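Asker:
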Amino acid sequence: MSSCSAEHAVLVESWETEQTTLGSVVETENRLELPVQLVGGADVTFDKDDQSFAVAALVVCSYPEMNVVHEEVMEIRSSLPYVPGFLAFREAPAVIQLLNRLKGGPHMPQLLLLDGNGILHPRKCGLATHVGVLFDLPTIGCAKKLFRIDGIDENFVRSNLGTHKGRFYIDGESGTRWGAAINAAEGSQRPVYVSIGNRISLDSAITYVSECSLYRVPEPIRQADILSRKWIRKCRTDSQSEAT
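Okay, so the sequence shown: first residue is -10 according to this note's numbering, each after it adds one.
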């Protein structure tokens, strides 16, 4: 084994240990500040031409109206590679930095939706759980792709979704209820896979995601994605201008 391969193996092993630890302390019942009036969405977009450069965005929307009331954005550099199952180690630090900017202020979200999984993860610690546990915040994972674990079959889930009024619980072969597939927006043919992040029940997570969805992706995440992509384009344009 090369030194690089050995270092990678050690890194992944340490990540697995941390995920197992965080996943073991997830709160799967509601502990939210009520009434919920502010819901945030976070997204991190990496530059397709430079995978070490990314923009993290956090958008806060009024609930239930879904009007944007605040935006935070930051540019980041990361030397960490993308490794399936370990997205949080690339993206969570930036999201937490953005949350720290809002902590104690009038725009701190009471609930955060993230573009990634919560406990629907091999070690029950996807991005939403990672951020939720470390920041002690109610979070929900909203993934566009299904993590295939515990015998979960995406074709089975999607075929049953149509006969269950746009909502289908995702149960594994072990009997574990990992999350739910939902078509929250009218006319959407592609589900979002919802899972507990932290400090919220699955049924409450489904309700909040449904009520925050004007389109397929919940509005706070959709707006954060728009903002991060817009910022990436701006950075690319500025860089090209400086080079000429």
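Don't be surprised by glycine CBs; every beta carbon is placed ideally from N, CA and C. For clarity, every value in this text was computed on a predicted model and none was experimentally measured.
What are the start and end residues of each continuous beta strand (DSSP E) run of 3 or more residues lying completely inside the segment 68 to 120, in chain order?
Answerer: 100 to 103
Asker: Indicate whether L101 and G12 have their beta-carbon atoms separated by less than 7 Å.
Answerer: no
Asker: Which first and last residues belong to the alpha helix (DSSP H) in which F304 is found?
Answerer: A query on residue 304 cannot be resolved here, the shown segment of the chain reaching from -10 to 233 and no further.
Asker: Counting only runs of 4+ residues fully inside the segment 142 to 221, write out the alpha helix (DSSP H) ranges in chain order.
Answerer: 143 to 150 and 191 to 200
Asker: Quick one: grab the DSSP three-state call for R7.
Answerer: The sequence as given places Glu at residue 7; Arg does not occur at that position. In the structure shown, E7 sits in a helix (DSSP, three-state: H, G or I).
Asker: Might you give, ordered along the chain, the residues of its own chain that have their beta carbon closer than 8 Å to the beta carbon of S68, omitting 5 neighbours on each side?
Answerer: S41
Asker: Can you tell me the Cα-Cα spacing of C131 and E(-4), whole angstroms?
Answerer: 32 Å
Asker: Give me, in chain order, the residues of the same chain whose beta-carbon lies closer than 7 Å to that of D32; leave out the 5 immediate sequence neighbours on both sides.
Answerer: A46, D104, I210, A213, D214 and S217
Asker: Can you tell me whether D227 is helix, strand or coil according to DSSP?
Answerer: helix
Asker: Have a look at the DSSP bridge pairing and note the partners of G29.
Answerer: V49 and L101
Asker: Tell me whether the segment 160 to 173 and the segment 182 to 198 touch, counting them as touching only if at least three CB pairs, one residue from each stretch, are closer than 8 Å.
Answerer: yes
Asker: For Q8, does the count of other Cβ atoms within 10 angstroms reach 16, so buried, or fall short, so exposed?
Answerer: buried
Asker: Considering only the beta carbon of each residue, do N187 and V122 sit closer than 7 Å?
Answerer: Their beta carbons are under 7 Å apart, which means N187 touches V122 by this criterion.
Asker: Report yes if the C-beta distance between I221 and I108 is below 7 Å; otherwise report no.
Answerer: no
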